[in-house]
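Numbering (the working numbering), first residue to last: 34 to 337.
Inspection log for the structure reproduced underneath, given as structure tokens.
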């Protein structure tokens with residue numbers, strides 16, 4: 034089967050539904066052999082169901098591709114190693130890892146429980162680390178490999194009731210950057226995508242106002258499959274010189290995000306006292322403060 038990733042093997046987490054399924058399907062159509070990972074849990078991370086992963090595998094095979102399923106939880110490092118071993122046993126190598134799996138436990142911060150926090154961190158951030166660490170030795174040895182991690186504008190910009198999710202997704206940005214720096218010498222690259230798509234995670238958002246309802250209607254036009262082309266491109270040799278970057282896909286739009294850098298400075302040769310900061314800090318730096326915005330405040334126009 035011809036394609037931009039022909040002959041490569043990809044592992045895609047959270048590939049039973051939504052964005053992960055769309056990426057896995059396109060990887061298969063573009064010639065990659067795919068390990069479809071999904072525990073089949075609810076949006077909150079509860080329960081197990083082998084059905085979603087197997088359904089994606091069957092769809093890839095029906096389209097002429099090769100795929101196998103895994104229902105192991107990526108929150109356990111040993112499971113991550115077992116998933117990589119399954120890929121090697123089935124296809125002989127691993128070239129691509131797409132870290133997509135995630136759950137939601139949305140709650141206002143002062144009511145957030147430890148489990149709300151730790152479970153979200155465990156799946157998103159720890160799971161991405163576990164899978165990345167499990168494939169890293171292979172990528173190093175073969176002198177090639179591509180990581181594609183899913184971050185979120187909730188982490189890059191902000192949102193209400195998602196301190197856990199925001200911390201996890203911003204952590205994934207740091208993880209991706211760290212991998213890119215550490216593994217560049219081995220011709221291994223690592224990039225992030227912040228996806229806009231109508232998935233179970235978006236369906237769970239409460240639409241209380243007319244503005245919220247219009248926002249949900251706009252999201253419904255942004256299907257999970259819209260994310261897949263960029264993910265597949267970043268996984269391919271055509272993107273061999275792209276690493277350490279943060280992209281976003283919003284329907285037919287693709288964005289490149291900036292990354293935190295100093296934007297303004299104040300200086301005193303003899304150092305600062307609290308009293309001097311009272312008189313000088315706000316007057317100089319406040320015009321450049323980042324406002325408390327949500328993702329929808331920044332992306333405040335209809336998707337194209």
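Just so you know, even glycine gets a beta-carbon here, dropped at the ideal spot from N, CA and C.
So, with DSSP's three-state summary, where would you put residue i?
i, result
"residue 41", "coil"
"residue 62", "helix"
"residue 34", "For residue 34, the predicted model reports a pLDDT of 46, less than 50, meaning its position is unreliable; a value from the coordinates is still stated below. Residue state, collapsed to three classes: coil."
"residue 81", "coil"
"residue 86", "helix"
"residue 15", "Examination of residue 15 is not possible in this model, given that the chain is present from 34 through 337 alone."
"residue 173", "helix"
"residue 165", "helix"
"residue 151", "helix"
"residue 333", "coil"
"residue 54", "helix"
"residue 72", "coil"
"residue 105", "coil"
"residue 146", "coil"
"residue 159", "helix"
"residue 328", "helix"
What are the residues that DSSP puts in a beta bridge with residue i?
i, result
"residue 91", "BP columns for residue 91 are empty, so no partner."
"residue 228", "282"
"residue 130", "44 and 180"
"residue 67", "43 and 100"
"residue 222", "179"
State the start and end residues of the unbroken beta strand (DSSP E) segment that holds residue i.
i, result
"residue 138", "Segment: none, residue 138 is in no beta strand (DSSP E) and carries neither H nor E."
"residue 116", "Segment 110 to 124 is the alpha helix (DSSP H) holding residue 116; no beta strand (DSSP E) there."
Would the beta-carbon of residue i fall within 8 angstroms of that of residue j?
i, j, result
"residue 103", "residue 179", "no"
"residue 69", "residue 38", "no"
"residue 107", "residue 61", "no"
"residue 134", "residue 156", "yes"
"residue 131", "residue 56", "yes"
"residue 263", "residue 279", "no"
"residue 43", "residue 129", "yes"
"residue 164", "residue 113", "yes"
"residue 194", "residue 140", "yes"
"residue 223", "residue 176", "no"
"residue 313", "residue 191", "no"
In the DSSP assignment, find the alpha helix (DSSP H) that holds residue i and state where it starts and stops.
i, result
"residue 178", "Note, residue 178: premise wrong, no alpha helix (DSSP H); beta strand (DSSP E) at 178 to 183."
"residue 201", "196 to 216"
"residue 187", "186 to 189"
Chain B beta carbons: is any one of them nearer than 8 angstroms to that of residue i?
i, result
"residue 189", "Absence of chain B from the displayed structure is noted, only one protein chain being present."
**Message:** Threshold first: 4 residues or longer. Then list the alpha helix (DSSP H) segments lying entirely within the region 247 to 325, N to C.
**Reply:** 261 to 268 and 307 to 318
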